[in-house]
Amino acid sequence: MPDKETLPQPRRPVVITQLAIEVLAGPDRGKRLVGGDRPLSIGTAGDTALVLTDPTVSRYHLEVDAAASGILIADLDSTNGTFAGPVRIERAVVPPGTQLAIGATTLRVDEASRKTVPPPVASQHAGMIATTPQMLQLFADIERVARTPTSILVFGESGTGKEHVAEALHAGSGRSGPLVTIDCGALSSALLASELFGHDRGAFTGADRQYAGAFERAGEGTVFLDEIGELPQTDQTALLGVLERRRFRRVGGSTDLELRARVVAATNRDLRIEVNHGRFRPDLYHRLAVVTLRLPPLRERPDDIPLLVAHFAHELGAAGDPEQLFGAERLARWKRRPWPGNVRELRNAVEAAVVVGHEPAEWTEPGPPAEPAALAPYKHARATNVAAFEQAYITQLMAAADGNVSRAARLGQMDRSYLLDLLQRHKLR
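Each residue of the sequence shown is one higher than the one before, starting from 29 at the first, in the numbering used here.
If you want it as structure tokens, here you go:
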């Protein structure tokens, strides 16, 4: 990895915006919020930035953040929706001063202040490299909470690097035990219980010896629960009990064991939306999300792309200025892409460019289809074009759904499991 001093440094200054939200009508009329950690969440749940009492507002109703061209509004799949005039908003950038209707409440979102600061210094932290303010703030937050025993929820789309955040939290924690990772989305309910809690000999068919689960193996270390949003509700109840009591039993066991490890969970789903729809227990969410760390998608941090390209090229033995290595046109194209596979997809693109001199067709911007006769026999030509279509379609679909697989499946009117298969087939997950 290049030294901090050798990382390409940004030249553009950064604009820092402080937001203001005021309740104009509804049960909480007159309530006002200025500043705070962005993005600002609004709802009736006690952990939102602006807590409302309007019963027609969802627990987690919407999120407000600053954008380069205005204020970004993101509805959290609320029951009654978010409206700007007659237009229902799922995700949109609106001008400062816009009034929003949520349930029986009317809000005004505005800019409280705006200032320009010098360009930040490019930095790296536990394998992550960045120069954008939101990532540098994430690095600072990791250092601030790493040594606490607090449970932490890491939220980010697939490929943003959630496992790097978990590793950074564990490395900075000073804890004596190991980091033990459990992929909640890859295990059946029966296997998950055994992997988390362990089992005693004879607990079930094939259990011919005692097995220590993740909570036991971690000891004083860290248990990383990846893809916690995939956890079935029955297992959510069991996990909540363990986190509340700080004790657990092996499957088939009769002895209580103490939970000494710190729990870090990660998800590519917005669990607030899952809570709104009853798919995730709110009490478990609050147990896991004592601190929430958000990894922004790559499309929100395009200024980091040259840094990441230089880093990946260096890892692959092609050190040098990214523009000289890959050309200004290709770098500009990479900065324009939505990158539904995020940093993982970018690394694949850099590796392909280093190894074969150009990206495979699925990473380039679409052009006119080639003549079938110039490609290959019909069967091969058809398979090639189907693969290219799938890649282009799901790339646009995931971008439109902000990386949320369930939302993308609904938008595309397709089965979620089939969409997951396509994402894995095209290395976008």
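All C-beta atoms in this analysis are idealised placements derived from N, C-alpha and C, irrespective of residue type, glycine included.
task = Please confirm if the stretch 432 to 448 is in contact with the stretch 331 to 350, defined as three or more CB-CB distances below 8 Å between the two stretches.
result = no
Short Cβ contact (8 Å threshold) for residue 268 with residue 309 = yes
request  = Run the CB neighbour count on residue 313, radius 10 Å, all protein chains shown included, and call it buried at 16 or more, exposed below.
outcome  = buried
Simplified DSSP state of residue 262, which is helix, strand or coil = Residue 262: helix per DSSP, three-state reduction.
key: Close beta carbons around residue 315, own chain, < 8 Å, minus the five adjacent residues each side   = 179, 268, 271 and 272
query = If you follow the alpha helix (DSSP H) that residue 217 is part of, which residue opens it and which one closes it?
reply = 217 to 225
task = Can you grab the Cα-Cα spacing for the pair residue 174 / residue 195, in whole Å?
result = 10 Å
inquiry  = Quick test of your reading: residue 292 and residue 249, contact by CB under 8 Å. State the CB separation rounded to the nearest angstrom.
reply    = Incorrect: roughly 11 Å between the Cβ atoms, too far for contact.
task = For the alpha helix (DSSP H) holding residue 469, just list the boundary residues, first then last.
result = What the structure shows of the chain is the stretch from 29 to 457, and residue 469 is not part of that stretch, so it cannot be assessed.
request  = Specify the secondary structure class of residue 243 as computed by DSSP and reduced to three states.
outcome  = helix
query = In the structure shown, what three-state DSSP assignment does residue 441 receive?
reply = coil
query = For residue 62, is the classification buried or exposed, using 16 other Cβ atoms within 10 angstroms of its Cβ as the cut-off for buried?
reply = When all chains shown are included, residue 62 counts as exposed.
task = If I'm right that residue 254 touches residue 294 with Cβ under 8 Å, what's the distance once you round it to whole angstroms?
result = 5 Å
task = Pick out whichever of 55, 56, 140 and 84 has its Cα sitting closest to the Cα of residue 93.
result = 140
key: Residue from 373, 377 and 417 with nearest C-alpha to residue 188   = 373
inquiry  = If the criterion is Cβ atoms closer than 8 Å, does the pair residue 350 and residue 426 meet it?
reply    = The criterion of a C-beta distance shorter than 8 Å is not satisfied by residue 350 and residue 426.
inquiry  = Quick check on residue 118: does DSSP put it in helix, strand or coil?
reply    = Residue state for residue 118 is assigned as coil, using DSSP reduced to three classes.
message = Only counting the same chain, and skipping five residues up and downstream in sequence, which positions put a Cβ closer than 8 Å to that of residue 121?
response = 95, 97, 98, 99, 100 and 101
message = So, under 8 Å CB-CB, residue 243 and residue 287 are touching, yes? Tell me the CB distance rounded to an integer number of Å.
response = 5 Å
query = What residue does the beta strand (DSSP E) around residue 94 start on, and which one ends it?
reply = DSSP places residue 94 in the uninterrupted beta strand (DSSP E) bounded by 90 to 95.
key: Distance, residue 49 Cα to residue 266 Cα   = 39 Å
ask   = For the stretch 103 to 118 against the stretch 80 to 89, are there 3 or more C-beta pairs whose distance is under 8 Å?
value = yes
message = Could you check whether residue 170 and residue 212 sit closer than 8 Å to each other, using their CB atoms as the reference points?
response = no
ask   = Are residue 241 and residue 225 close, meaning C-beta to C-beta below 8 Å?
value = yes
Residue 77 - containing beta strand (DSSP E), residue span = No beta strand (DSSP E) contains residue 77, which DSSP labels as neither H nor E.
task = Reducing DSSP to helix, strand and coil, say where residue 342 ends up.
result = helix
message = Let me make sure I understand the geometry here. Which of 343, 290 and 80 has the alpha-carbon closest to that of residue 317?
response = Closest option to residue 317, Cα to Cα, is 290.
query = Could you check where the alpha helix (DSSP H) with residue 228 kicks off and where it finishes?
reply = Per DSSP, residue 228 belongs to no alpha helix (DSSP H) and is neither H nor E.
query = To the nearest angstrom, how far is it from the Cα of residue 236 to the Cα of residue 261?
reply = 29 Å
query = So, are the CB atoms of residue 376 and residue 186 less than 8 Å apart?
reply = no
request  = Identify every residue that forms a DSSP beta bridge with residue 286.
outcome  = 275
task = Specify the secondary structure class of residue 352 as computed by DSSP and reduced to three states.
result = helix
ask   = According to DSSP, is residue 98 helix, strand or coil?
value = Note: residue 98 maps to strand in three-state DSSP.
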